[in-house]
Amino acid sequence: MHKPINFVLIGRAGCGKGTQAKLLGEHFGNLYYISSGSLFRKLAGQDTEMGHHIKELIEGGGLPFDDIATTLWMHEIAFNVKEGQGIIMDGMPRRLQEAKDLDDFLDYLDRKKSTMVILLNISRKEAFDRLTKRRICKNCGQIIPWVGDYKSLQACDKCGGDLEERADDIPQAINNRLDYFDKDVSKVIKYFKKKKRLIKINGEQAIEKVFQDILDEVRKKNDNY
Ligand SMILES: [Zn+2]
């Protein structure tokens with residue numbers, strides 16, 4: 000039996016990681032989804048000392064203690080991922096040490112070779128535009144991404160409701176997230192590139208084309224899929 004396939008999705012905020020993760024899940028099936036963001040939000044909701052610390056950090060925009068992210072996803076994988084089940088990691092690792100820890104952990108589980116590290120590459124300008132220009136439906140709450148054909152959408156494609164800009168997409172907060180990517184996540188990208196394991200995908204294309212490019216690359220590296 001071949002090893003289950005795992006995906007590590009890396010890219011700037013707004014690059015479409017969540018969308019592609021969903022498409023990969025539908026296509027391959029039996030993938031356990033992990034995102035650092037939701038693990039941190041889950042922890043922030045706990046009535047524990049650590050939960051309170053993290054809640055303050057998230058609200059104040061600080062950075063967590065170095066090994067927390069690693070601890071959280073290791074715990075998540077250890078307690079949930081079944082044998083033969085793939086893993087999809089959305090927006091992690093975010094720091095060099097996390098990347099090294101993840102590699103060691105995947106190696107221990109004999110999953111390293113079947114792990115695809117995918118960079119959804121979009122420029123900083125594109126990321127900024129997508130995050131500041133995306134809209135939300137006043138009626139049903141659907142978020143309309145500022146990408147491909149959606150850019151010209153005048154009303155919600157689900158319910159026909161009016162679209163407005165999202166109030167929480169503040170340029171300063173967005174710039175902070177993009178700074179973080181340039182400073183820290185770029186080291187993760189370099190690490191995987193050096194190991195010749197980075198799959199770089201042009202993320203500025205239509206959603207379907209991005210997905211097709213990912214599938215093509217996965218097939219090149221795996222005879223089984
Ligand atoms: Zn709507």
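When you line the sequence shown up against numbering that gives the first Met the number 0, it's residues 0 to 224, in that order. Every residue, glycine too, gets a C-beta built ideally from N, C-alpha and C.
Exercise. Does the distance from the C-beta atom of Tyr32 to that of Asp102 stay below 8 Å?
Worked result: no
Problem set entry | According to DSSP, residues forming a beta bridge with Lys227 | Look at the range of the chain in this structure, 0 to 224, and you will see that residue 227 is not part of it.
For this session: Taking only the alpha-carbon atoms, compute the straight-line gap between Ile53 and Phe39 and give it to the nearest angstrom.
Result: 7 Å
Problem set entry | Proximity to Ile87 [Cα-Cα], best of Lys2, Lys21 and Ile169 | Lys21
For this session: With hydrogens ignored, establish whether the beta-carbon of Gln153 is closer than 7 Å to any heavy atom of ligand 1.
Result: no
Exercise. Less than 7 Å between the CB of Gly160 and some heavy atom of ligand 1, yes or no?
Worked result: yes
Exercise. Taking the runs of the beta strand (DSSP E) that are 3 residues or longer, which of them lie wholly in the region 11-89?
Worked result: 30-34 and 85-89
Problem set entry | chain D contact for Ala43 (CB, 8 Å cutoff) | In summary, chain D is missing from the structure at hand, where a single protein chain is found.
Exercise. In chain order, which continuous runs of the beta strand (DSSP E) of length 3 or greater are located wholly inside the region 129-158?
Worked result: 134-136
Exercise. Is the region 112-119 in contact with the region 0-15, if contact means three or more CB pairs nearer than 8 Å?
Worked result: yes
Problem set entry | Continuous alpha helix (DSSP H) stretch holding Phe191: start and end | Ser185 to Lys193
Problem set entry | Residues bridged to Asn5 [DSSP beta-bridge criterion] | Ile86 and Thr114
Exercise. Going along the chain, which residues of its own chain have a beta-carbon closer than 7 Å to the beta-carbon of Glu163, five neighbours each way excluded?
Worked result: Arg134, Ile135 and Lys137
Exercise. Among residues of its own chain, excluding the 5 on either side of Asn29, which ones have a beta-carbon nearer than 8 Å to its beta-carbon?
Worked result: Pro3, Gly83, Gln84 and Gly85
Exercise. Cβ of Lys199 within 7 Å of any heavy atom in ligand 1?
Worked result: no
Problem set entry | Neighbourhood of Asp161 by C-beta distance below 6 Å, restricted to the same chain and skipping five residues each side | Lys137
Problem set entry | Validate contact between the region 150-157 and the region 196-205 using beta carbons, cut 8 Å, 3 pairs | no
For this session: For Asp212, collect the residues of the same chain with a Cβ closer than 6 Å to its Cβ; drop the 5 residues on either side in sequence, then sort them by chain order.
Result: Ile200
Problem set entry | Cys139 CB to nearest heavy atom of ligand 1 below 7 Å | yes
Exercise. By Cβ distance, which residues of its chain are closer than 8 Å to Lys111, with the 5 residues on each side in sequence left out?
Worked result: Asp102 and Leu105
Exercise. Could you give the distance in angstroms between the alpha-carbon of Ile57 and the alpha-carbon of Ala43?
Worked result: 8 Å
Exercise. Which residues bound the alpha helix (DSSP H) around Leu95?
Worked result: Leu95 to Tyr107
Exercise. For Arg93 versus Ser35, is the C-beta spacing smaller than 8 Å?
Worked result: yes
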